[in-house]
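Residue numbers (the UniProt record's numbering): 1 to 452. To start, the structure under review is shown below, and the notes come after it.
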Ligand SMILES: Nc1nc2c(c(=O)[nH]1)N(C=O)[C@@H](CNc1ccc(C(=O)N[C@@H](CCC(=O)O)C(=O)O)cc1)CN2
Ligand SMILES: Nc1nc2c(ncn2[C@@H]2O[C@H](COP(=O)(O)OP(=O)(O)OP(=O)(O)O)[C@@H](O)[C@H]2O)c(=O)[nH]1
Ligand SMILES: [Mg+2]
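What follows is the structure, given as structure tokens:
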């Protein structure tokens, strides 16, 4: 059994750490029938049937009594033999059970190793494997639904359909290369190659749009609240969070450090960063706080500049706006409308929108929520969003660029046209992992939790 190539048996606690009603240990390896018999004190589990047994140590003493599940490969999550020990969910019991598994030849699984094996045994493709982690990490119901879409293969199916169409078009094109006596272009025209390319193109655009929306559910956005002291940044943070996460006082310079909180708007995770008010100060602590404000600005996807609506945009505010990086979208908030007497709502500024609201009364905060979602292009949850990652978007964009290049090459040379199609196909195949760089799997699976 222990040849150089046989995979080792791995084990890990699959349930969350801490106390729980039931705790599960998962074991996966090439051959676990004997393992099951020994640990259950000599019983023989039937495949895929719950067996109630004592889990015993080397002396036959019970460590725990629980349910044993045996999934003979290849009909298991990993495609190998899998055993689950469902014991009582105490950390000490689980530790003892896990130690017993090690004694029986298993080693501790690395993060994501079960899912990695499922991938290597072709139980899941790479998108599906990634979506296992995304489902576990989902921060909202919308994100969870869309991770499950990917886990069930919806994203992969769309990508594979595109790849198939590209293969067809490549075959057609490469056929012309076999008949050099024919005129390339004429042949391709007869086969309507350009028409087919346009069709792939528009389907690819559709997949990109859906993936982009799904990616928003996964990545969310980082919004930094900035402005002069006392304009109400922390009050707005609290209003958005629906909780007193930041200290609010009438003292200018209350917030000295960045305060972070995540809220979910329409299923999209929004990371809000409250910052120290910007002003010239001799106070050492406040100075460091202000440096952190600018550091937070550099990390943000959107800046909310708060202004006391009664004062309007002052020279100091204009200076803050001017110092924001050009790439950074910004929204100006006129706060304290309960004092200024303005109506809640939206107006147009010079290169930015202005939201008029009161962080204290809450009037207009909903308008801001919509503006934030608009700013990242969120179109609302709909059926069929797959929870894409940046890696997927990148691959789709590269495929898209290759299709552009193919279009340009058309008419020049059939070889070149075919080559760009090949590269587009290769880029798309990276998504499902059919084609991949060597280090990709390590990068993806190391971010999983242990036991997954
Ligand atoms: N107890 C337990 N619950 C769990 C898991 C688990 O590993 N253990 N899962 C872990 O993530 C998820 C379920 N995922 C699973 C995926 C495939 C198979 C499996 O046995 N597949 C076989 C048979 C399929 C069939 O009968 O239709 C196969 O693919 O051949 C099991 C669990 C969530 N719940
Ligand atoms: N009337 C009214 N008062 C507000 C509003 N928003 C904030 N305030 C008050 O303004 C004062 C300053 O509010 P903060 O939220 O602490 O202001 P900040 O911008 O975080 O201030 P620093 O942390 O010092 O930079 C507090 O007394 C708040 O209660 C508002 O919409 N209306
Ligand atoms: Mg504050």
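Using N, Cα and C, we set each Cβ at its ideal position, and we do this for glycine too. None of these values were measured; they are calculated from a predicted model.
Identity of the residue in 383, 230, 225 nearest residue 241 by Cα: By one-based count along the chain shown, residue 241 stands at place 241. When each option's Cα is compared against that of residue 241, the closest is 225.
Just verifying my parser: in three-state terms, what is the DSSP assignment at residue 379? Working through the chain shown from its first residue, we reach residue 379 at position 379. Correct three-state label for residue 379: coil.
Where residue 47 falls, given that 16 or more other Cβ within 10 Å makes a residue buried: As a working note, residue 47 is residue 47 in the chain shown. Flag for residue 47 reads exposed.
Compute the distance between the beta-carbons of residue 256 and residue 289, then report whether it is under 7 Å. The residue given as residue 256 occupies position 256 in the chain shown. The residue given as residue 289 occupies position 289 in the chain shown. In contact: residue 256 and residue 289 (Cβ atoms closer than 7 Å).
DSSP on residue 325, reduced to helix/strand/coil? The sequence position of residue 325 within the chain shown is 325, counting from 1. In the structure shown, residue 325 sits in coil (DSSP, three-state: anything other than H, G, I, E or B).
Are the stretch 166-173 and the stretch 422-433 in contact at 8 Å, needing three or more beta carbon pairs? They touch, by the three-pair rule.
Taking 7 Å as the threshold (beta carbon to beta carbon), is residue 81 in contact with chain C? Going by chain labels, chain C is absent from the structure shown, which holds only one protein chain.
Can you look up residue 84 in the DSSP assignment and give me helix, strand or coil? As a first step, residue 84 is located in the chain shown; it is residue number 84 there, counting from the start. Three-state result, residue 84: strand.
Taking 7 Å as the cut-off, decide whether the C-beta atoms of residue 306 and residue 227 are in contact. Sequence index remark: in the chain shown, residue 306 carries index 306 (1-based). Sequence index remark: in the chain shown, residue 227 carries index 227 (1-based). The answer is yes: Cβ separation under 7 Å.
What runs of the alpha helix (DSSP H), each 4 residues or longer, lie entirely inside the stretch 94-181? 113-120, 126-137, 141-151, 154-177
Using a Cβ-Cβ cutoff of less than 6 Å, which residues in the same chain neighbour residue 292 once the five nearest sequence positions on both sides are dropped? Residue 292 sits at position 292 when you count from the first residue of the chain shown. Same-chain partners within the cutoff: 258.
Residue 452 burial status per 10 Å Cβ neighbour count (16 or more: buried): Position 452 of the chain shown, counted from the start, is the residue given in the question as residue 452. With 16 or more Cβ atoms within 10 Å of its Cβ, residue 452 is classed as buried.
Residue 359 beta carbon near ligand 2 (any heavy atom closer than 6 Å): Your numbering for residue 359 matches position 359 in the chain shown. Yes, the Cβ of residue 359 comes within 6 Å of a heavy atom of ligand 2.
Applying the criterion that 16 or more other CB atoms from any shown protein chain within 10 Å of the CB defines a buried residue, is residue 247 buried or exposed? Working through the chain shown from its first residue, we reach residue 247 at position 247. Under this definition residue 247 is an exposed residue.
Give the straight-line distance between the Cα atoms of residue 252 and residue 230, rounded to the nearest whole angstrom. Residue 252 sits at position 252 when you count from the first residue of the chain shown. Residue 230 sits at position 230 when you count from the first residue of the chain shown. Whole-angstrom Cα-Cα distance: 5 Å.
Let's test the definition: count the other Cβ atoms within 10 Å of the Cβ of residue 84 and tell me whether it reaches 16, buried, or not, exposed. For the purposes of this step, residue 84 is taken as residue 84 along the chain shown, with counting starting at 1. Buried, since its Cβ has 16 or more Cβ neighbours within 10 Å.
When every heavy atom of ligand 1 is checked, does at least one fall within less than 6 Å of the C-beta of residue 77? Counted from its first residue, the chain shown places residue 77 at position 77. Yes.
By DSSP, does residue 417 sit in helix, in strand, or in coil? By 1-based counting over the chain shown, the position of residue 417 is 417. Helix at residue 417.
Excluding sequence positions up to five away, which residues of its chain have a Cβ less than 6 Å from the Cβ of residue 445? Stepping through the chain shown from its first residue, residue 445 is reached at position 445. Closer than 6 Å at Cβ, skipping near neighbours: 112, 116.
Bounding residues of the beta strand (DSSP E) (the contiguous stretch that carries residue 54): The residue given as residue 54 occupies position 54 in the chain shown. Segment 51-56, the beta strand (DSSP E) holding residue 54.
N- and C-terminal bounds of the alpha helix (DSSP H) containing residue 35: On the chain shown, position 35 is the one that residue 35 refers to. Segment 33-39, the alpha helix (DSSP H) holding residue 35.
Option nearest residue 142 by Cα separation, candidates 297, 267, 313, 278: Taking the first residue of the chain shown as 1, we reach residue 142 at position 142. Nearest Cα to residue 142 within the set 297, 267, 313, 278: 267.
By the DSSP assignment, the beta strand (DSSP E) with residue 261 in it spans what residues? Taking the first residue of the chain shown as position 1, residue 261 is located at position 261. Secondary structure note for residue 261: its beta strand (DSSP E) is the uninterrupted segment 259-265.
Residue 11 - containing beta strand (DSSP E), residue span: Sequence index remark: in the chain shown, residue 11 carries index 11 (1-based). Looking at the DSSP string, the run of the beta strand (DSSP E) that includes residue 11 is 10-13.
If you reduce the DSSP assignment to three classes, tell me which class residue 71 lands in. Start at 1 with the first residue of the chain shown, and residue 71 comes out as number 71. DSSP, reduced to helix, strand and coil, places residue 71 within a strand of the structure shown.
Say yes only if the C-beta of residue 71 is nearer than 6 Å to one or more non-hydrogen atoms of ligand 1, and no if none qualify. Numbered from its first residue, the chain shown carries residue 71 at position 71. For residue 71, the Cβ falls inside the 6 Å cut-off from some heavy atom of ligand 1.
Applying the criterion that 16 or more other CB atoms from any shown protein chain within 10 Å of the CB defines a buried residue, is residue 280 buried or exposed? Residue numbering aside, residue 280 sits at position 280 when the chain shown is read from its first letter. Classification for residue 280: exposed.
Looking at residue 336 and ligand 3, is the gap between the Cβ and the nearest heavy atom below 6 Å? Looking up residue 336 in the chain shown gives position 336. Residue 336: no, Cβ never under 6 Å from ligand 3.
C-alpha distance - residue 69 paired with residue 154, whole-angstrom precision: Here residue 69 refers to the residue found at position 69 when the chain shown is read from its first residue. Here residue 154 refers to the residue found at position 154 when the chain shown is read from its first residue. Those two C-alpha atoms are separated by around 30 Å.
Let's see if you can read the secondary structure: which residues bound the beta strand (DSSP E) around residue 332? Working through the chain shown from its first residue, we reach residue 332 at position 332. Here the beta strand (DSSP E) through residue 332 covers 330-335.
Around the Cβ of residue 3, are there at least 16 other Cβ atoms within 10 angstroms (buried) or fewer (exposed)? The residue given as residue 3 occupies position 3 in the chain shown. Model confidence at residue 3 stands at a pLDDT of 43, short of 50, so the residue's coordinates are unreliable; what they give is reported in the following sentence. That one is exposed.
With a CB to CB cut of under 6 Å and the five nearest residues on each side skipped, what residues in its chain are close to residue 381? Residue mapping note: residue 381 aligns to position 381 of the chain shown, counting from 1. Closer than 6 Å at Cβ, skipping near neighbours: 142, 267.
Taking C-alpha atoms, which residue in 171, 201, 334 lies nearest to residue 188? As a working mapping, residue 188 is identified with position 188 in the chain shown. Among 171, 201, 334, the Cα nearest to that of residue 188 is on 171.
Can you determine whether any heavy atom of ligand 3 sits closer than 6 Å to the C-beta of residue 140, and answer yes or no? Sequence index remark: in the chain shown, residue 140 carries index 140 (1-based). The answer is no for residue 140.
With a 10 Å radius around its C-beta and 16 neighbouring C-beta atoms as the bar for buried, classify residue 81 as buried or exposed. Locating residue 81 in the chain shown gives position 81, counting from the first residue. With 16 or more other Cβ atoms within 10 Å, it is buried.
Run the proximity test for residue 160: is its beta-carbon closer than 6 Å to any non-hydrogen atom belonging to ligand 2? Translated into positions along the chain shown, residue 160 becomes position 160. No, since every heavy atom of ligand 2 falls outside the 6 Å radius drawn around the Cβ of residue 160.
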